[in-house]
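Below: the structure, in structure tokens.
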Amino acid sequence: MGIFIDLYRIERVPYYESIRHKLQYSIDAIKFFHEALFKLENVEIWIGAPSETLGGKLMKRIQEVEPYMAGKVVSDFLMALPFDEISESIVIFNGVWNFGDINLGGYFSVPNSYSWRKAYHEIEINAYAKKDFEDLVDALWKTMPHETTPLVQKFIKTLQQTTVLSGKLGLSQVLFSIGVPTVEDPTNLMAAYLTGERKGLLRIFYKALSKTRDSKVVPPEVVSKTKPLRGSFFVDTLGKEEIVLQRLSQKIESALVVEIKGNSALYIAKDRKSFAKLYKEISDTVLKPGLDKLPTAKDATELIEKGLKEYTEPQ
Amino acid sequence: MRKKAPVFNGKLPDNEFILDDVSDIKSLGLNPNSLLKVADEYDHYPNCKYAVIEHKSKSLKDSVAQLEDTTKQLIDADKPVDFAIIVTDRINRTESQIYKAEKGSHRLLNKLNKSPIQIRAKNKLIDILIFYTHQIIKMHTEYGGRINQWASS
């Protein structure tokens, strides 16, 4: 579908200030693509939902084509809104993506509304489907396959600079996905910037395995073993095992372009099937063996019941 | 590959405008430059119903935006629209927090405000319908005989 950015609070920050910092990330992202690939046309500020059809109300349309100025006008407008409106607002920077001889309508969207943010992340960058292109990421990888790796690396670097300047909000993850990224299916990913080095990738794959409903992908008895388990404990345990890190490195190097810096890692697919292949391999060689000896949800329930029955009051 | 249009009353569209095609857009009296959120097709069914169809987009939110923009422009150009249709493989877990399909009627519902998703254009409300690819394949199989019968008559 597009590029999805998630942020985290580095330190306690008032709500209105956090919105300003989030806008700064979106403006820096627009500036990164501006002129060469994206041309800003206008900005819309919606309340409740991002269109009339979805039940939203258009609060303001700003005809501004310069990203910095657009950001400033939006910020001034939002800062004057009462809490119940700003917390339901969705800012959409509309424009046109240009890929050689094809133009795609597109946007940078900043949903402050909880429900929309939960589905479409803190910042969404995308293009509308047209001709052979399903979305922005599809168009990027189809029209400039040899330039995507340096482009993604430079884009992440730009966002990391925003983190340094902001000092309040940090970059939690950036997903480049064909289709909306979903926890149960990481196979549409084309690139991912994740914190927590290798553990970030393990976390994504573990969540997918534990949430899948497709018994052909993961047998139900394996999914059942994740139910009594705290995911973060399992992933942290795996992340400490040398054998796991070795297996991960082997599999990752054959499927992805990787760059690790400090506590974060950027994974870029070599082709459309890279993440699907890697998910299967990591599931087969790390996650499923790690879960193998654990009890299923049914076994855990029986053990709990057995423990309760065996307990006798002290005499 | 282009996805098939839904079957209505045992009939397939008898006239299809492909909205990726500039000549088709111009023949409808629309301006290609102002159609950046464009749907995939504008189809006429033999029972005199017109449908705008989006089947390429991977996001329901974007599909709705594309249908809304295209429908409004068609209606402004005095072209009738009776249905706006999304064809998709499924509603994924993320988007199922917001959208659901109404069983039987195929209407797309907004779970947040608990109402059907409708496009308002010139005081007309147009339902957005959602069809899954497997349902369309089934429709084409079930109605296959009748479609062929109609097509040959």
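Line by line, the protein sequences give chains A and B. Position 243 of the first sequence, counting from 1, maps to 243 under my numbering, and the rest follow consecutively. Each position in the second sequence, counted from 1, maps to that position plus 1000 in my numbering. Even for Gly, the Cβ is constructed at its ideal location relative to N, Cα and C. Since this is a predicted model, take the numbers as computed values, not measurements.
Strictly below 8 Å CB to CB, what residues from chain B border N126/A? The residue given as residue 126/A occupies position 126 in the first sequence. The answer, in chain order, is S1059, D1062.
When DSSP builds the beta bridges, which residues end up paired with A127/A? Sequence index remark: in the first sequence, residue 127/A carries index 127 (1-based). G106/A.
Got a sec? Which residues, its chain only, sit under 6 Å from I1136/B by beta carbon, not counting five neighbours each side? Translated into the one-based positions of the second sequence, residue 1136/B becomes position 136. Excluding positions up to five away in sequence, the list reads K1004, P1006.
Say whether chain A places a C-beta atom closer than 8 Å to the C-beta of N1092/B. Counted from its first residue, the second sequence places residue 1092/B at position 92. Interface residue, yes.
is_contact[L1112/B, chain E] using C-beta, thresh 8 Å: Looking at the structure shown, chain E is missing, and the protein chains on hand are A and B.
Test item: CB-CB of L1019/B and Q1073/B under 8 Å: As a working mapping, residue 1019/B is identified with position 19 in the second sequence. As a working mapping, residue 1073/B is identified with position 73 in the second sequence. Not closer than 8 Å, so no.
For the stretch 221 to 280 of chain A, list the alpha helix (DSSP H) runs that are entirely contained and at least 4 residues long, ordered along the chain. 231 to 240, 242 to 255
Assuming T1094/B and T182/A are in contact, meaning their beta carbons sit under 8 Å apart, how far apart are those beta carbons, in whole angstroms? By 1-based counting over the second sequence, the position of residue 1094/B is 94. By 1-based counting over the first sequence, the position of residue 182/A is 182. So it is a contact: roughly 5 Å between Cβ atoms.
Selection from K131/A, K154/A, Q153/A that minimises the alpha carbon distance to T143/A: The residue given as residue 143/A occupies position 143 in the first sequence. The residue with the shortest Cα to Cα distance from T143/A is K131/A.
In chain B, which residues lie less than 7 Å from G105/A when you measure between Cβ atoms? On the first sequence, residue 105/A is found 105 positions in, with the first residue counted as 1. L1036, K1037, listed in chain order.
Can you list, in chain order, the residues of its chain with a C-beta nearer than 8 Å to that of Q160/A? Leave out the 5 residues immediately preceding and following it. Working through the first sequence from its first residue, we reach residue 160/A at position 160. Excluding sequence neighbours, Q160/A sits near L171.
Could you name the residues of the same chain whose beta carbon sits closer than 8 Å to that of N1148/B, not counting the 5 residues immediately before and after it, in chain order? In the second sequence, counting from the first residue as 1, residue 1148/B sits at position 148. Unreliable placement is indicated for N1148/B, whose pLDDT of 49 sits below 50; the coordinate value is still reported in the next sentence. If we look at N1148/B and ignore the five residues flanking it on each side, it has no Cβ neighbours.
Just the chain B side, please: which residues come within less than 9 Å of E52/A by C-beta, in chain order? Here residue 52/A corresponds to residue number 52 of the first sequence, with the count starting at 1. Around E52/A, the beta-carbon contacts reaching into chain B at under 9 Å are E1068, I1119, R1120.
In whole angstroms, what separates the C-alpha of F4/A from that of T312/A? Here the question's residue 4/A lines up with position 4 in the first sequence. Here the question's residue 312/A lines up with position 312 in the first sequence. Computed Cα separation, rounded: 54 Å.
Under the three-state reduction of DSSP, which class applies to R117/A: helix, strand or coil? For the purposes of this step, residue 117/A is taken as residue 117 along the first sequence, with counting starting at 1. Correct three-state label for R117/A: helix.
Inside the stretch 26 to 55 of chain A only - beta strand (DSSP E) runs reaching at least 3 residues: 38 to 47
For Q173/A, which residues does DSSP report across the bridge? Position 173 of the first sequence, counting from 1, holds the residue named residue 173/A. Paired residue(s): D6/A, L194/A.
Indicate whether E11/A and K154/A have their beta-carbon atoms separated by less than 8 Å. Reading the first sequence from its first residue, position 11 is the one you call residue 11/A. Reading the first sequence from its first residue, position 154 is the one you call residue 154/A. Contact flag unset, no.
Identify the continuous alpha helix (DSSP H) that holds D292/A and give its terminal residues. As a working mapping, residue 292/A is identified with position 292 in the first sequence. Per DSSP, D292/A belongs to the alpha helix (DSSP H) from 288 to 292.
In angstroms, rounded to a whole number, what distance separates the CA positions of L194/A and G200/A? For the purposes of this step, residue 194/A is taken as the residue at position 194 of the first sequence. For the purposes of this step, residue 200/A is taken as the residue at position 200 of the first sequence. Between L194/A and G200/A, the C-alpha separation is close to 5 Å.
So, helix, strand or coil for Y1143/B, using DSSP? Here residue 1143/B is taken as the residue at index 143 of the second sequence, counted from 1. In this structure, Y1143/B counts as coil in the three-state DSSP scheme.
With 8 Å as the limit, tell me which residues of the stretch 163 to 187 of chain A have their beta carbon closer than that to any beta carbon of chain B; keep them in chain order. I178, G179, V180, P181, T182, V183, E184, D185
Would D1076/B count as contacting chain A if we go by Cβ distances under 8 Å? Within the second sequence, residue 1076/B is the residue found at index 76, counting from 1. For D1076/B, the nearest beta carbon of chain A is not closer than 8 Å to its own beta carbon.
By the 10 Å Cβ neighbour count, where 16 or more other Cβ atoms means buried, how is S1152/B classified, buried or exposed? By one-based count along the second sequence, residue 1152/B stands at place 152. Any reading at S1152/B must be qualified, since the residue scores a pLDDT of 43, below 50, and its modelled position is unreliable; no value is offered.
Would you check if the distance between the CB atom of I1126/B and the CB atom of L1108/B is smaller than 8 Å? Here residue 1126/B is taken as the residue at index 126 of the second sequence, counted from 1. Here residue 1108/B is taken as the residue at index 108 of the second sequence, counted from 1. Going by C-beta atoms, I1126/B is not nearer than 8 Å to L1108/B.
Could you give the distance in angstroms between the alpha-carbon of F1017/B and the alpha-carbon of S210/A? Residue mapping note: residue 1017/B aligns to position 17 of the second sequence, counting from 1. Residue mapping note: residue 210/A aligns to position 210 of the first sequence, counting from 1. Between F1017/B and S210/A, the C-alpha separation is close to 44 Å.
For a quick check, are the C-beta atoms of T148/A and D28/A less than 8 Å apart? Stepping through the first sequence from its first residue, residue 148/A is reached at position 148. Stepping through the first sequence from its first residue, residue 28/A is reached at position 28. Against a cut-off of 8 Å, the Cβ pair of D28/A and T148/A comes out as no contact.
Using only the alpha-carbon positions, how far apart do E221/A and R213/A sit? On the first sequence, position 221 is the one that residue 221/A refers to. On the first sequence, position 213 is the one that residue 213/A refers to. Distance between the alpha carbons of E221/A and R213/A is about 12 Å.
Against chain A, with Cβ distances strictly below 8 Å, would I1085/B count as a contact? By one-based count along the second sequence, residue 1085/B stands at place 85. It does not: the Cβ of I1085/B has no partner Cβ on chain A nearer than 8 Å.
Cutoff 8 Å: E1102/B Cβ touching any chain A Cβ: Stepping through the second sequence from its first residue, residue 1102/B is reached at position 102. Residue-level contact check: E1102/B does not touch chain A, since none of the beta carbons of chain A fall below 8 Å from its beta carbon.
Do A127/A and F93/A have their C-beta atoms closer together than 8 Å? Here residue 127/A corresponds to residue number 127 of the first sequence, with the count starting at 1. Here residue 93/A corresponds to residue number 93 of the first sequence, with the count starting at 1. Cβ distance not < 8 Å, so A127/A and F93/A don't count as in contact.
Bridge partners - Q1118/B, DSSP secondary structure assignment: Translated into positions along the second sequence, residue 1118/B becomes position 118. Answer by DSSP bridge pairing, in chain order: D1127/B.
Taking all protein chains shown into account, decide if L308/A is buried (16 or more other Cβ within 10 angstroms of its Cβ) or exposed. As a position in the first sequence, residue 308/A is number 308, starting the count at 1. Per the 10 Å Cβ criterion, exposed.
Top-ranked residue by Cα proximity to A129/A, from H1140/B, E1041/B, I1117/B, L1112/B: As a first step, residue 129/A is located in the first sequence; it is residue number 129 there, counting from the start. For the residues H1140/B, E1041/B, I1117/B, L1112/B, the minimum Cα distance to A129/A belongs to E1041/B.
Nearest-angstrom Cα separation, counted from G95/A out to K39/A: Mapped onto the first sequence, residue 39/A falls at position 39. Mapped onto the first sequence, residue 95/A falls at position 95. Between K39/A and G95/A, the C-alpha separation is close to 5 Å.
Is there a Cβ of chain A sitting closer than 8 Å to that of Q1149/B, yes or no? Counting from one through the second sequence, the residue named residue 1149/B turns up at place 149. At Q1149/B the pLDDT is 49, less than 50, meaning the model places this residue with poor confidence and gives no usable figure here.
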